[in-house]
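Worksheet for the structure shown next.
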Amino acid sequence: MTTEHKAPYRVIGTRPLRPDGADKVTGKAQFGADIRLSGMLYGRIKRSPHAHARIKRVDVSRAAALPGVHAVVTAADLPGAEDRVAELGEGSVNMRELSGNVLAHDKVLYRGHAIAAVAAVDAHVAGQAVDLIEVEYELLPPVLDARDAMRPEAPLLDKNRRTRSMAGPADGPSNVAAHYQFISGDPEEGFAEADVVVEREFATRMVHQGYIEPHAATASWSSDGQLTVWTCTQGAFAVRDQCVAILDIPVSKIRVIPTEIGGGFGGKTIVYLEPVAALLAKRTGRPVKLQMDRSEVFEATGPTSGVNARVRMGATREGRIVAADVELIYEAGAYPGSPVMAACMTALAPYEIANTKVDGYDVVVNKPKVAAYRAPGAPAAAFAVEQVVDELAEKLDIDPLRFRLANTSREGTRGPGGRPFPRIGHEECLEAALSSPHYNTPLEGPSRGRGVATGFWFNGGMRSSVTVIVNADGSVSLVEGSTDIGGSRAALAMQLAETLGVGIDDVRPSVADTDAVGYNDVTGGSRVTFATGIAVHEAGMEVRRQMTERAAAHWHVPASDITYEDGRLTCTSDAQKSATFREMALQVLRTGEPLVATGSIVGRGVGAAFSTQIADVEVDPETGKVQILRYTVVQDVGTAIHPAYVEGQMQGGAVQGIGWALNEEYCYDDQGRMANASFLDYRMPTALDVPMIDTIIVEVPNPRHPFGVRGVGEVPIVPPLAAIANAVYRATGVRQTQLPMSPRRILETTLGLS
Amino acid sequence: MHQIEYAAPGTLAAAVALLGERRGSASILAGGTDIIVQAREGRRRPALLLDVKKIPELTSIRTAADGGLIIGAAVPCARLCAHGDVARLYPALIEAAGLIGGTAIQSRASLGGNLCNASPAADSIPALMALGAVCEIAGATGTRELPAGEMCTGPGANALREDELLVALRLPPPVANSAAAFERFTPRNEMDIAVCNCAAGVTLSADGATFISGRIALGAVGPTPLLAEEASAALAGKPVTSSTIKQIAGMAAAAARPITDMRGSAAQRRHLAEVLTRRVMERAVARAKGAQA
Amino acid sequence: MSTRTQVGARINGEDTEFLCEPRQSLLEVLREGLGLTGSKEGCNNGNCGACNVIMDGSLVNSCLVLAVEAEGREIQTIEGLASGGALHPIQHAFLEGAALQCGICTPGFIMSAKALLDHEPEPTEERVRRWLAGNLCRCTGYDKIVRAVLDSSVQMRDTARSDGGRS
Amino acid sequence: MATVWIPSLLRPLCGGAHTIEAGGATLGAVIDDLEARFPGMRERVLDRGQIRPELAIWVDGDQADGLAAAVGEASEIQIVPAIGGG
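Written out as structure tokens, the structure is:
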């Protein structure tokens with residue numbers, strides 16, 4: 001269904017080989033743990049076995065005495081971080097809390113919370129040393145469920161925490177860190193108008209991004225006090241700025257070199273290891289590498305929230321949704337910062353509803369502090385809302401896609417807070433789903449069902465810088481600072497090639513360190529192809545301008561006489577004077593001033609992304625196992641720069657959502673110990689668990705991007721939870737209000753097994 | 001991992017001698033897919049890993065005098081599953097052994113390791129039990145035999161003495177009109193631990209109408225894989241009908257003593273024990289009849 | 001402090017000697033000792049396949065093999081697949097088919113695919129999925145990976161056929 | 001006059017209105033105008049003279065960099081929480 005060639009573009013819409021691909025298929029690409037430096041030591045972190053405890057004493061003497069151990073550090077080695085909020089581009093992070101999460105100060109707030117760290121000659125010795133660190137705890141009762149944590153008598157994680165909201169801080173201490181509210185129209189009046197009202201409660205569990213590469217960071221200090229950090233991160237500048245704040249050093253003293261990154265999905269946007277590696281490296285005077293093992297990744301990084309949701313929606317007999325009331329309670333983990341506000345703002349976004357009320361609560365519990373996870377907050381909210389929408393459609397006997405179409409948001413529809421949508425493609429997605437081969441093929445057989453759901457996610461703008469260097473042979477180097485997780489070097493190089501009218505093979509993109517390119521916010525929020533793309537376009541236009549001036553000087557004509565089209569400079573006053581970009585570069589760059597241009601932008605004019613998905617499932621009525629038979633992802637991508645990688649995002653997002661829907665969850669015991677911190681028992685889908693994922697790329701160009709780009713990466717994970725739940729309902733007749741829809745849960749709900 | 005020593009003796013006698021010297025501080029290394037993980041996580045702390053893959057008796061598949069097979073304890077599953085005689089005689093064993101981990105695990109994991117690791121959910125053990133496999137054990141005082149079903153004594157605990165090792169598993173030759181089948185239930189289709197598994201071996205009368213005998217074994221529903229003895233015994237003389245199978249499946253499930261953990265609930269496991277018993281019995285019967293045809 | 005053992009193995013066609021402790025995995029020695037960092041550590045307990053290598057023709061998780069066990073063995077890692085700068089057909093198919101996003105799982109998938117196609121030149125989609133079930137990928141949803149393996153199997157058969165015709 | 005969408009939790013400060021017309025050529029001036037008419041508004045939106053980091057203020061579809069952001073006669077202004085992405 002992809003349009004392979006679009007008339008206005010020469011490079012965009014084609015499928016060239018990605019520039020970093022050869023190194024990745026041959027094992028040459030350097031990822032976080034692949035850094036090896038001369039004299040390097042290996043670090044390991046001591047972690048809390050308890051979910052909630054006061055640290056009474058830490059004795060590192062036995063560890064420090066172990067042969068082969070070079071240093072041991074604790075939170076006492078960290079400079080006291082100010083209690084302030086740092087802007088890190090991904091929402092806000094309280095620096096004192098960030099520091100406390102890196103090494104616990106006085107309390108441990110979740111099992112896995114870091115307490116101390118060791119540097120030793122190898123990982124085995126470091127591990128033995130960690131076992132020799134003695135920590136004395138005063139155990140405190142853990143709070144593991146957000147609803148429990150909200151009760152007035154609940155143990156407090158922080159006695160100084162007061163609920164924050166736009167109404168100002170609350171009086172008494174609470175585990176509720178924040179309350180968000182959005183009201184538009186008059187919800188009660190709206191419900192009075194409704195002929196059908198559906199209300200349900202939903203619950204989901206904490207889940208992890210599940211990137212295959214564990215966190216890894218290596219730090220080294222030069223003898224003149226310069227710190228270099230190699231790390232696999234979604235944002236080298238974010239790591240730099242967080243290290244600056246936590247270590248209290250000037251920005252000029254630290255350089256962060258991003259390695260290749262083995263997946264992030266939002267989970268590699270905040271620091272865990274980097275400041276600790278820096279402390280150990282400083283103490284030992286040698287480079288120190290820290291890397292997590294898989295259980296640490298599960299227990300001590302940032303998964304996404306378990307959620308409690310209540311959704312009430314009303315519609316008229318004619319099929320118009322007239323009112324919605326949504327309450328969302330999100331676990332933040334040990335420190336505030338769940339994505340509940342994003343959930344509030346996305347939950348109802350696909351629909352134009354006159355009367356809405358959405359309340360969101362950010363609640364701390366004794367679990368790891370959550371981090372961003374692909375469309376943070378939106379999937380769980382959509383799981384709830386899209387099932388209620390499905391149920392309304394069913395009660396009104398309207399096709400579920402047509403019901404959504406009848407209520408769709410469009411350009412000008414106002415969302416929470418009153419912001420109107422710009423040009424969006426939700427309607428086009430629904431129509432493409434309605435006319436898709438999948439939706440028009442009947443699903444037959446017992447215990448089978450088809451479900452649909454739709455989802456919305458914002459696009460991020462934020463800041464991006466690139467540098468474009470034109471080499472004397474006419475080739476072009478693109479230096480960018482957006483770390484590349486899924487092929488963005490290709491997508492950016494293609495936009496530059498398109499802007500300059502040169503071939504994709506003439507552009508060599510590379511991701512630079514924090515000293516080699518202007519500031520870039522994290523690779524997240526589906527923003528790189530969009531926002532860094534704008535920076536690339538801006539730099540490309542500057543190259544064109546400079547090249548035109550050079551050509552004018554070379555030909556001794558005014559610059560206004562020169563046109564630049566399809567990579568060719570032509571003199572309008574003398575048709576003999578014409579040269580390709582490369583030919584002109586060869587003429588003017590061997591001796592003249594080097595040609596360098598930059599593009600530095602704040603990404604404005606962000607698009608909005610929608611995806612509609614169709615799932616066919618079969619449920620084994622005896623075992624409760626759900627098999628995905630067929631799956632289609634429809635998505636408005638604005639313009640598909642590299643369609644293969646756009647499809648890849650759609651397919652990958654859908655399968656991550658399938659895992660979340662069916663089997664993934666953090667299993668805790670009542671003391672807050674995670675029982676399944678391994679890839680064996682945290683059941684992510686394997687190749688055998690999913691079918692081919694069909695994609696339908698819808699292109700409603702974003703009018704405010706030079707090539708019409710919308711962010712693509714996140715929205716495909718929004719609909720799957722609900723699409724599968726709706727399919728399971730059609731297969732079994734039972735609504736699934738809790739995730740995961742594991743075989744056990746299906747049996748419990750369909751057979752009453754308990 | 002803590003410091004360990006490694007030895008790879010080339011003979012059974014040398015291995016047994018080493019075990020005797022080490023008095024319980026050695027662990028056997030066959031495929032390593034359990035012991036290496038356990039040592040790395042500090043769940044077991046052997047001083048010595050004794051690699052048995054250079055010992056011929058542990059790495060060969062031989063035909064026994066009675067026509068059955070003797071399978072070296074360290075033979076990797078991949079080799080077992082590709083073995084023509086095993087496929088012909090004991091398809092249920094391949095159904096089970098073929099599920100122990102993914103492809104890369106299959107290259108290393110062995111029946112002996114799976115049995116001695118004594119996980120309640122081990123996939124090959126119910127199949128070995130249903131097939132009536134016997135363990136050949138060597139130790140300081142000589143050799144002994146033990147029914148496979150008696151090897152596991154608790155979660156992670158086996159019946160071997162400090163100086164003993166499992167050499168091979170001896171499978172009796174299938175009798176006429178008999179067959180076995182195995183099935184497990186996991187939430188994922190691969191790379192998962194059984195929430196419940198079940199093997200059934202049945203022997204039918206020559207006309208296929210009556211059960212002569214049977215053996216039903218269940219895994220992940222108790223501290224060790226268990227033989228559903230009453231259900232197995234009740235089969236003799238019963239007509240080969242779906243109602244018999246249903247009744248026996250119910251009896252088998254009643255023998256289950258499952259717990260609730262993150263992999264499944266007790267109720268789910270009891271329910272699955274019945275479902276799986278029925279399914280494997282149906283398949284075993286079909287297979288026995290097919291063999292007869 | 002430790003007892004190091006000398007081990008000799010043939011790695012990517014070259015006789016290699018290294019010293020290691022018995023507690024070190026093959027993965028650790030490949031990566032930290034020999035600088036072959038193409039094999040990745042994703043879980044260190046055999047559940048993700050990112051460290052997969054081929055040992056004496058069999059696919060193994062190098063995190064679940066002790067380095068001392070490599071004595072006398074033939075080991076092939078991702079670094080040994082491309083010959084003289086030319087990509088192996090499986091590598092080419094992954095690149096061509098956009099079968100990687102972040103790329104961390106890619107070496108493991110390619111080694112698994114190679115082991116499969118060495119054994120079975122004409123696998124079905126179901127067979128490919130089952131064989132690759134021990135390799136986790138979190139980015140692609142597997143679609144393009146499975147297609148790449150199927151594509152490379154066709155490619156390799158065609159090449160084998162034309163080579164056969166010549167000889 | 002620009003139209004300001006008032007977040008629900010601030011509506012008690014301004015008599016429950018969902019939107020308010022406010023004057024000023026910059027975002028700062030608009031907030032000054034709101035504060036003059038509905039005291040307490042400023043400190044809910046600003047912290048030490050800057051837009052609170054947990055908030056995003058949108059003027060005509062773009063997020064304002066700061067209080068100097070230009071506001072036109074027919075501008076629309078929305079005050080919403082800041083969002084992160086993955």
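These protein sequence lines are chains D, L, S and U, in that order. First residue of the first sequence? That's 1 in this note's numbering, and the numbers climb one at a time after it. First residue of the second sequence? That's 1 in this note's numbering, and the numbers climb one at a time after it. First residue of the third sequence? That's 1 in this note's numbering, and the numbers climb one at a time after it. First residue of the fourth sequence? That's 1 in this note's numbering, and the numbers climb one at a time after it. Where is the CB? At the ideal position from N, CA and C, for every residue including glycine. It should be emphasised that the depicted structure is a prediction, and the values quoted were computed from it without experimental measurement.
From the listed residues D:E352, D:S305, D:G333, the smallest Cα separation to R320 (chain D) is found for D:E352. At a C-beta separation below 7 Å, Y211 (chain D) has these neighbours in chain S: R138. Q268, H271, L272, V275: these are the residues of the segment 268-282 of chain L whose beta carbon lies less than 7 Å from some beta carbon of chain D, given in chain order. Residues of the segment 37-50 of chain S that bring their beta carbon within less than 8 Å of a beta carbon in chain D comprise T37, G38, S39, K40, E41, G42, C43, N44, N45, N47, C48, A50, in sequence order. With a threshold of 16 other beta carbon atoms within 10 Å, A236 (chain L) falls short and is exposed.
DSSP assignment within the segment 310-397 of chain D yields the following whole alpha helix (DSSP H) runs of 4 residues or more, N-terminal first: 340-346, 378-395. Rounded to whole angstroms, the Cβ separation of S265 (chain L) and R205 (chain D) is 15 Å, and the two are not in contact under 8 Å. Within the same chain, R294 come within 7 Å of F679 (chain D) by CB-CB distance, once the 5 residues on both sides are set aside. M674 (chain D) carries a strand assignment under DSSP once its states are collapsed to helix, strand and coil. With a beta-carbon spacing of about 5 Å, V619 (chain D) and A731 (chain D) fall inside the 8 Å limit used to define contacts. Taking 4 residues as the minimum length, the alpha helix (DSSP H) runs contained wholly in the segment 59-144 of chain S are 89-96, 106-119, 125-131, in order along the chain. Under DSSP, V59 (chain U) shares a beta bridge with U:D62, U:I77.
At a cut-off of 9 Å between beta-carbon atoms, L59 (chain S) makes contact with chain L. When Cβ-Cβ separations below 9 Å define contact, A82 (chain U) makes contact with chain D. Close to chain S, meaning a Cβ-Cβ distance shorter than 9 Å, are the following residues of the segment 3-29 of chain D: R15, L17, R18, D20, G21, A22, D23, K24, V25, T26, G27, K28, A29.
Between R527 (chain D) and V606 (chain D), the C-beta gap is smaller than 9 Å, which places the two residues in contact. Within the DSSP bridge table, the entry for K46 (chain D) names D:A116 as partners.
Taking the Cβ atoms as the reference, V60 (chain S) lies roughly 5 Å from A104 (chain L), within the contact range of under 8 Å. Taking a contact to require three or more Cβ pairs closer than 8 Å, the segment 38-52 of chain D and the segment 94-110 of chain D qualify as touching. R11 (chain U) has a beta carbon lying within less than 9 Å of a beta carbon in chain D.
The Cβ atoms of G39 (chain D) and R286 (chain D) lie closer than 9 Å to each other. At a Cβ-Cβ threshold of 9 Å, A119 (chain D) and V239 (chain D) do not count as neighbours.
Residues of chain D whose Cβ lies closer than 8 Å to the Cβ of Q78 (chain U) are, in chain order, G417, G418, R419. A Cβ of chain D is located within less than 9 Å of the beta carbon of E43 (chain U).
Put simply, the CB of Q91 (chain S) is near chain D, with a gap under 9 Å to one of its CB atoms.
A check of alpha carbon separations from E444 (chain D) across D:E593, D:I717, D:D616 identifies D:D616 as the nearest. In summary, P400 (chain D) is buried, with 16 or more beta-carbon neighbours lying within 10 Å of its beta-carbon over all protein chains present. Taking CB atoms only, S75 (chain U) has no neighbour in chain D less than 9 Å away. The beta carbon of S152 (chain S) sits no closer than 9 Å to any beta carbon of chain L. DSSP places D34 (chain D) in no alpha helix (DSSP H); its state is neither H nor E.
Judged by DSSP secondary structure, A9 (chain S) falls within the beta strand (DSSP E) whose first and last residues are 5-11. Here the C-alpha atom of D151 (chain S) lies approximately 17 Å from the C-alpha atom of S162 (chain S). Membership of H554 (chain D) in the alpha helix (DSSP H) is indicated by the continuous run 533-555. Assigned with DSSP and collapsed to three states, M55 (chain S) falls in strand.
Remark: C-beta atoms of V86 (chain L) and I100 (chain L) do not approach each other more closely than 9 Å.
Under a 10 Å Cβ-count criterion, A140 (chain L) is classified as exposed, with fewer than 16 other Cβ atoms of the shown protein chains found around its own Cβ.
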